[in-house]
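Okay, so here's the structure we're looking at.
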DNA sequence: AAAATTATTTAGCTTTGTCTAAATTAACCC
DNA sequence: GGGTTAATTTAGACAAAGCTAAATAATTTT
């Protein structure tokens, strides 16, 4: 699938994959340079190297998209990242807001066998601690029919299944308010003044959350 | 203790530490280039960089020795390497001859906290799967009064506690013959013709091993 | 002690991956 | 449709880590 790629090459592939998931394809030089916090000139260099290796297709000044091989490599990186995050939280008791940077390092470890054994050790988890799906060893990704909390109809029971914002402050907010993965809730009322949401949790607790929170939490209807 | 070192710098420190353990100090440019399988010119370059950072002391054409900081860094790398090996064998069911290369990668992951939690997860092991001592978080190394099997007096009961040769063929030889860590044995007879050893295991099995094997197995008297 | 061998350093080159500044091309706006 | 702005590429530099070949120093041999 992939020869030996440098960490830099892997990071670019991941960035391109991430952007294309968000904004579709083709992916511009500019969006990559923003995502990677690097100069546009560096991106041009790397685009040439990755094209050379047939991991991406590039049309001058048009933008980039991943080849099948590039996509598979990116998906495998995502698999590694999410399995390591799961390991760190489940086995080493890190909290979900601490694990991202560590997983960024660990995802570059080269060994198919290691990852497959880690997967088995963790009992083949389908989702990571943030609710993101973990690609299986064939690159298949379990998609879930989830919806943003902000789009949930009133009085529709639902379960929290993921976050759209992975930053520490948001994760800590959820920690404090108890809106963790698996929490069951319904929207009692949508307040039109500022689009905040009046929630009711399974235990009867009521909680008022801002529009911003509603737009960053994924829920699944029950 | 250590600022951020590159993997190359870390590998050189480890090599210097390893050689100085084996052959004492100072460590020559040449021995480093042999150990690292790299050119003497590259070693000269790196020696200059590491001196600059005060990780080693160097006197032109005399040789190198680690500073306190350099030694602490090397010991911490050894700690990481051996803890990861232990993890791979104990938790992911790798065999002891498979784990070295993987640990070489994993030992460069930068996080004190990760290693301390891994240590705890593994229940603070004192020795790795090859019987080598694991430095604790303060860099203390449990030394053992071990002796080479070839130096064990006849009829002195002993336990296998470590290997001096970490290569796959040797480890697989031990696997096949049952001479694993923890095996109890006595030397019944030393055959002067070729210095091979007639062993008797705890279960009564007899086993003839070559001089070479005797010189690569550590045992502890009972 | 001179010659031969071995070890070390220097010089110069290569590849990665980064940068800034300048030049070019594309896109947008009035 | 011409001008302004934004995006992209080119050119030229730099640092890290490696290499080979040549020069120099140290050690061993005879």
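Protein chains in written order, with this note's numbering: chain A, 3 to 224; chain B, 3 to 224.
Just so you know, even glycine gets a beta-carbon here, dropped at the ideal spot from N, CA and C.
Quantities reported herein were computed from a predicted structural model and do not represent experimental measurements.
Opening and closing residue of the beta strand (DSSP E) in which residue i lies
i, result
"residue 222 of chain B", "219-223"
"residue 142 of chain B", "Where residue 142 of chain B is concerned, there is no enclosing beta strand (DSSP E), given that its DSSP letter is neither H nor E."
"residue 211 of chain B", "208-211"
Assumed close pair residue i, residue j - CB separation to whole angstroms, cut-off 8 Å
i, j, result
"residue 161 of chain B", "residue 133 of chain B", "Actually they are not in contact, since the Cβ atoms of residue 161 of chain B and residue 133 of chain B sit about 10 Å apart, beyond 8 Å."
"residue 46 of chain A", "residue 57 of chain A", "Their Cβ separation, rounded to whole angstroms, is 16 Å, which puts residue 46 of chain A and residue 57 of chain A out of contact at 8 Å."
"residue 84 of chain A", "residue 130 of chain A", "4 Å"
"residue 64 of chain B", "residue 28 of chain B", "6 Å"
"residue 172 of chain A", "residue 124 of chain A", "Rounded, the Cβ-Cβ distance is 25 Å, inconsistent with contact."
"residue 33 of chain B", "residue 21 of chain B", "5 Å"
Backbone CA spacing between residue i and residue j [nearest angstrom]
i, j, result
"residue 119 of chain B", "residue 109 of chain B", "14 Å"
"residue 221 of chain A", "residue 157 of chain A", "13 Å"
"residue 215 of chain B", "residue 24 of chain B", "19 Å"
"residue 187 of chain B", "residue 38 of chain B", "37 Å"
"residue 41 of chain B", "residue 35 of chain B", "6 Å"
"residue 128 of chain B", "residue 139 of chain B", "12 Å"
"residue 212 of chain A", "residue 178 of chain A", "15 Å"
"residue 105 of chain B", "residue 97 of chain B", "13 Å"
"residue 174 of chain B", "residue 167 of chain A", "49 Å"
"residue 116 of chain B", "residue 94 of chain A", "8 Å"
"residue 87 of chain A", "residue 101 of chain A", "6 Å"
"residue 135 of chain B", "residue 15 of chain A", "40 Å"
"residue 198 of chain B", "residue 210 of chain B", "7 Å"
"residue 107 of chain B", "residue 142 of chain B", "23 Å"
"residue 223 of chain A", "residue 208 of chain A", "19 Å"
"residue 203 of chain B", "residue 189 of chain B", "9 Å"
Cross-strand partners of residue i (DSSP beta bridge)
i, result
"residue 188 of chain B", "B:202"
"residue 160 of chain B", "B:187, B:223"
"residue 61 of chain A", "A:65"
"residue 150 of chain A", "A:220"
"residue 29 of chain A", "A:66"
"residue 193 of chain A", "A:198"
"residue 131 of chain A", "Partner(s): none; residue 131 of chain A has no beta bridge."
Endpoints, alpha helix (DSSP H) assigned at residue i
i, result
"residue 168 of chain B", "Per DSSP, residue 168 of chain B belongs to no alpha helix (DSSP H) and is neither H nor E."
"residue 182 of chain A", "That residue, residue 182 of chain A, is in no alpha helix (DSSP H); it is neither H nor E in DSSP."
"residue 80 of chain B", "70-92"
"residue 44 of chain B", "42-54"
"residue 119 of chain A", "114-123"
"residue 5 of chain A", "Note, residue 5 of chain A: premise wrong, no alpha helix (DSSP H); not H, not E."
"residue 106 of chain B", "102-108"
Closer than 6 Å: residue i CB and nearest the ligand HEM heavy atom
i, result
"residue 48 of chain B", "As far as ligands go, the structure on display features none, and thus does not contain the ligand HEM."
Chain-ordered residues of the region 113-147 of chain A with a beta carbon less than 9 Å from chain B: Those would be 113, 115, 116, 119, 120, 122, 123, in chain order.
So if I threshold CB-CB distances at 9 Å, which residues from the region 83-113 of chain A count as touching chain B? 90, 93, 94, 95, 96, 100, 103, 104, 107, 108, 110, 111, 112, 113
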